[in-house]
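This report refers to the structure that appears directly beneath it.
Numbering (our numbering), first residue to last: 36 to 307.
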């Protein structure tokens, strides 16, 4: 009877938005921690999301061609740093399996092995597949990557278990993340800087007192990609506005971090 009376006086939330507002109120009253509120909110919002909402789009996918030479495959694995790769045959849309990066090393010890025997079956899911259901499948089938297809059966992109979990816990940190950082530009111990690929060009101009163009591209990653003429790969470098941008880490076909330092000034003898 007491519980019914409390519910009558203060009824519970009737919608998702009201539930999220209730969590925000609980955080303000210090009943739950901010991190807990953010995770609970992520779980609630994820219920209305599908694979197509968070996938890596097909043009940004890193794939391996089954007929490519071993050295080329190994270089792609090293440059991208992924642990799993869709493997294609003939065209990017013809995915014949998934290759684990660690399995590629077996060819070094046994060159007579056929790469096809190392492939694992690819899992295909529709763009409309709910993230809740997809996460359940990832856990039960022990798959960490799925190929997303559109309504016509064409490859729309790929999605990993990390992509799904990040909708709950936020971006999963790696060796380059900084707990206390509040901007996209950080000073390193050697005097160089680490700059996030999605840092606004205006912020880079302010940090380095330079004047990179802000009219066409919003982020430094977009500007560097334009200068290189392709999506930057790990280890590539480009000199722009007196700065040298070296790619430290890529993810999902985009640059996550640049290492930035002043470009060396030519010696007087070199200028003559």
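No residue lacks a Cβ here, since even glycine has one placed at the ideal position from N, Cα and C.
- Query: Looking at the structure shown, is residue 59 part of a helix, part of a strand, or coil, going by DSSP?
  - Reply: Correct three-state label for residue 59: helix.
- Presumed contact (8 Å Cβ cut-off) between residue 130 and residue 157, rounded CB distance: 5 Å
- Query: Can you tell me whether DSSP reads residue 91 as helix, strand or coil?
  - Reply: strand
- What number of angstroms, rounded off, separates the C-alpha of residue 113 from the C-alpha of residue 64? 48 Å
- Roughly how many angstroms separate the alpha carbons of residue 83 and residue 274, rounded to a whole number? 43 Å
- Best match in 234, 238, 237 and 243 for proximity to residue 227 [C-alpha to C-alpha]: 243
- Proximity test, residue 68 beta-carbon vs the ligand ATP heavy atom, cut-off 7 Å: Looking for the ligand ATP in the displayed structure turns up nothing, as the structure carries no ligands at all.
- Message: In chain order, what are the residue ranges of uninterrupted alpha helix (DSSP H) at least 4 long that sit wholly in the segment 86-168?
- Response: List check, alpha helix (DSSP H) in window: 86-89, 105-115, 136-139 and 141-144.
- On the three-state DSSP scale, how would you describe residue 229? Strand at residue 229.
- Kindly list the residues whose CB is nearer than 7 Å to the CB of residue 132, restricted to its own chain and excluding five residues on each side of it in sequence; keep chain order. 122, 154, 155, 156 and 157
- Message: My assumption, with CB atoms under 8 Å, is that residue 72 sits in contact with residue 62. Please give the rounded CB distance.
- Response: 4 Å between Cβ atoms; contact.
- Over the uninterrupted alpha helix (DSSP H) stretch that includes residue 76, give me the two end residues. 69-81
- Buried/exposed call for residue 277, threshold 16 Cβ in 10 Å: exposed
- Could you tell me which of 181, 142, 199 and 260 sits nearest to residue 166, measuring between CA atoms? Just measuring C-alpha positions, the residue of 181, 142, 199 and 260 sitting nearest residue 166 is 199.
- Task: Report all residues from its chain with a CB closer than 7 Å to the CB of residue 203; omit the five preceding and five following residues, and keep chain order.
- Result: 74, 77, 78 and 81
- residue 247: first and last residue of the uninterrupted alpha helix (DSSP H) it sits in: That residue, residue 247, is in no alpha helix (DSSP H); it is neither H nor E in DSSP.
- Query: Thinking just about the alpha-carbon of each residue, which of 100, 147, 249 and 246 is nearest to the one in residue 134?
  - Reply: 100
- Do you know how far the Cα of residue 150 is from the Cα of residue 142? 8 Å
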